[in-house]
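Chains as they are written, first to last, in this note's numbering: chain A, 1 to 337; chain B, 1 to 337. Beta carbons: idealized from backbone N, C-alpha and C, even for Gly. These numbers come from a predicted model, not from an experiment. Read through the structure below, which is laid out as structure tokens, and then see the notes.
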DNA sequence: TTGAAAGCGCTAACAC
DNA sequence: GTGTTAGCGCTTTCAA
């Protein structure tokens, strides 16, 4: 309950024999209407270093115009033991922002807090990750804060970084078609989720199949079915020789379902998935995957946000990043070729 | 850059026609030296509700004695795309604290920030997750803050929740021994990490083998070797018929190594691992695992911390939670039985 | 080139 | 019962 003993700006001021204002101005490198004698600056910097002084970024935000704080929104829990690529994006993002002199602040975590509510302290911008729809970020959008959505639909006034699931799906279908497959199924996740990739990939599949003159295998739009049922229906009832899975987790279940059904992968049926995360490459057979550009998403998000905060009048940009086909063991020509 | 428009306590005060203090006292349910007319209380609550007022928890911590904030320390990045169980612990912890009226606050994230530095705003307690050693939490320990370490060694003045790797390892060896195995290897992770489980499990393995009169298979203490090399050496050079893996990730690589070496699991070699996380149960073969009590760790951590904060003179407690054997397909009697 | 003082949102000690 | 005021750590006017 005791006050954390980290040094305050007053202590630095005392130690260096100047006022708090001067300390603040020196440490923040103020140029406007301000200059210091070199000796003073050095004394201040020395005192700060000796005390290991670090300003409290949130207190600073009480009064400062610019805070160098970027809020990371959308983190309402720590994951469910199932990890997605978004962590990789968040890491890349953090490092990029840091390089530009910003810090990332994560909202206080509480089940009661709305997921994308702008923070209650002042920040220079916000990143909304994995928002399901545009409505979810309504409050953020109306706050006037500059923001970017990452891997979710953009809001009216924000920039966005998304992933080109359309092209990715087309490339996936193309890959399988080139191998000789003519009956290609799509496996939605076993469990509902609200992320828009759920619809995006499903619809992209239907479109891509249509484009190349193949019929979508029934069941592709059926949610809540087990991987086992999806695979059995696709292969046994509809003659599918390949399955594109919504993500790696469902693909792993498909591999197991195949084993149970005495189907060899890829000999009897090819399996591939979106999102190339561990352990995709280590499975037997290793999984062909449409890799998502996780790190690039983070970097782009940081870049787009900085554009906005540093040039407030610029129009928010929308970037769509390509996915990348990683061919491994789980896809091969169909049995009858 | 514009100030987020979230309402301040002054606005609530204006709207309800009372002073800020009264608003504060009503909303914080003060009892000591304070009572309100019911009409006033209702007006305040109504105004707060209408404005959707939420106090800024960090600003509150500037002056409040008690903040109802618990700091979560140790989160320096968002993960590496590889799942861990600690997220499950953190979730359980958050919900438990929330139920008791606390909120969790995550430090501002920055690569420059020391991992376990106590926050620079006032909190009622702290949780340090996955600390590697006691030294890492030195600053925290000296701060006088009440804290718990979760899944890491305790500090001199803090409570701790750990996992009984010793008993777990013994149970793993017992399981395999009961199946008939006499030559049981241990596979350390491919990549170095600093977490103390690295030594704990390795040493526990050596001890457990010793206790039942079996010889530890050489290589168990060799870090940085690939799963493939570990398995080949254990099976080919030393006749191992079973391998206990440090975690699920290395176990998955062992499965692949086995396939490459034309070893069937579990027919030729049994594989099991610590940490039962997805996709352990979905692999082919599904992995026998020593499950870690992730959620319980979180709950216990919250409980131990609350004990400390609510009864500051009580001695910090140390809880060690049991692991649980989950038998699946990847372990079976050795080939020659 | 620097300091004093006000103020950010909130709580707590002290009035009345 | 309720208001007034000081102060938490920091930045930013305004003065000098």
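Nearest neighbour of residue i, chosen from the options [CA to CA]
i	options	result
residue 221 of chain B	B:234, B:211, B:213	B:234
residue 99 of chain B	B:330, B:299, B:332, B:62	B:299
residue 135 of chain A	A:154, A:254, A:145, A:36	A:154
residue 170 of chain B	B:281, B:148, B:36, B:213	B:213
residue 211 of chain A	A:190, A:177, A:195, A:191	A:177
residue 283 of chain A	A:307, A:256, A:63, A:142	A:256
residue 348 of chain A	B:101, B:86, B:110	The requested residue 348 of chain A does not occur in the structure, where chain A is confined to residues 1 to 337.
residue 303 of chain B	B:25, B:54, B:147	B:147
residue 266 of chain B	B:313, B:286, B:163, B:260	B:286
residue 113 of chain A	B:39, B:23, B:52, B:199	B:52
Alpha-carbon to alpha-carbon, residue j and residue i
i	j	result
residue 322 of chain A	residue 45 of chain A	46 Å
residue 172 of chain A	residue 328 of chain A	13 Å
residue 332 of chain B	residue 248 of chain A	28 Å
residue 246 of chain B	residue 305 of chain B	29 Å
residue 78 of chain A	residue 95 of chain B	12 Å
residue 411 of chain A	residue 238 of chain A	Here chain A comprises residues numbered 1 to 337, so residue 411 of chain A is not present and cannot be evaluated.
residue 203 of chain B	residue 168 of chain B	12 Å
residue 310 of chain B	residue 61 of chain B	18 Å
residue 81 of chain A	residue 272 of chain A	Because the pLDDT at residue 81 of chain A is just 46, under 50, the model does not fix this residue reliably, and the value given afterwards should be weighed accordingly. Each residue's Cα considered, the two are about 22 Å apart.
residue 74 of chain B	residue 279 of chain A	25 Å
residue 59 of chain A	residue 30 of chain A	19 Å
residue 20 of chain A	residue 225 of chain B	55 Å
residue 324 of chain A	residue 191 of chain A	25 Å
residue 89 of chain A	residue 294 of chain A	5 Å
residue 362 of chain A	residue 316 of chain A	This structure does not reach residue 362 of chain A, given that chain A is present from 1 up to 337, and the question cannot be answered.
residue 27 of chain A	residue 102 of chain A	15 Å
residue 36 of chain B	residue 54 of chain B	21 Å
residue 206 of chain B	residue 217 of chain B	9 Å
residue 138 of chain B	residue 194 of chain B	17 Å
residue 56 of chain A	residue 143 of chain B	16 Å
residue 118 of chain B	residue 330 of chain A	48 Å
residue 48 of chain B	residue 47 of chain A	44 Å
residue 268 of chain A	residue 208 of chain B	44 Å
residue 189 of chain B	residue 261 of chain A	33 Å
residue 39 of chain B	residue 156 of chain A	42 Å
CB of residue i within 7 Å of CB of residue j, strictly
i	j	result
residue 116 of chain A	residue 140 of chain A	yes
residue 276 of chain B	residue 289 of chain B	yes
residue 150 of chain A	residue 291 of chain A	no
residue 120 of chain B	residue 8 of chain A	no
residue 131 of chain A	residue 158 of chain A	no
residue 219 of chain B	residue 334 of chain B	no
residue 32 of chain A	residue 160 of chain A	no
residue 201 of chain A	residue 166 of chain A	no
residue 72 of chain A	residue 104 of chain A	yes
residue 227 of chain B	residue 250 of chain B	yes
residue 270 of chain A	residue 242 of chain A	yes
residue 106 of chain B	residue 106 of chain A	yes
residue 307 of chain A	residue 314 of chain A	yes
Test: residue i CB closer than 7 Å to a CB of chain A
i	result
residue 216 of chain B	no
residue 87 of chain B	yes
residue 252 of chain B	yes
residue 138 of chain B	no
residue 228 of chain B	no
residue 63 of chain B	no
residue 315 of chain B	no
residue 111 of chain B	yes
residue 243 of chain B	no
residue 156 of chain B	no
residue 301 of chain B	no
Closer than 7 Å to chain B by CB, residue i
i	result
residue 53 of chain A	no
residue 96 of chain A	no
residue 276 of chain A	no
residue 81 of chain A	Summary for residue 81 of chain A: the model assigns pLDDT 46, below 50, so the residue's position carries little reliability, and this model does not support an answer.
residue 284 of chain A	yes
residue 333 of chain A	no
residue 56 of chain A	yes
Report task. Would you check if the region 233 to 249 of chain B and the region 181 to 192 of chain B touch, i.e. whether three or more CB-CB distances between them fall below 8 Å? Result -> As far as the Cβ criterion goes, the region 181 to 192 of chain B touches the region 233 to 249 of chain B, which means the pair count is three or higher.
Requested in this report: Please determine if the region 123 to 130 of chain B and the region 65 to 77 of chain B are in contact, where contact requires at least 3 C-beta pairs separated by less than 8 Å.
Outcome: Contact between the region 123 to 130 of chain B and the region 65 to 77 of chain B is present, because at least three Cβ pairs lie under 8 Å.
Query raised in the report: Should the region 11 to 20 of chain B be called in touch with the region 33 to 48 of chain B, which here means at least 3 C-beta pairs below 8 Å?
Result: The region 11 to 20 of chain B, when compared against the region 33 to 48 of chain B, does touch it at the 8 Å Cβ threshold.
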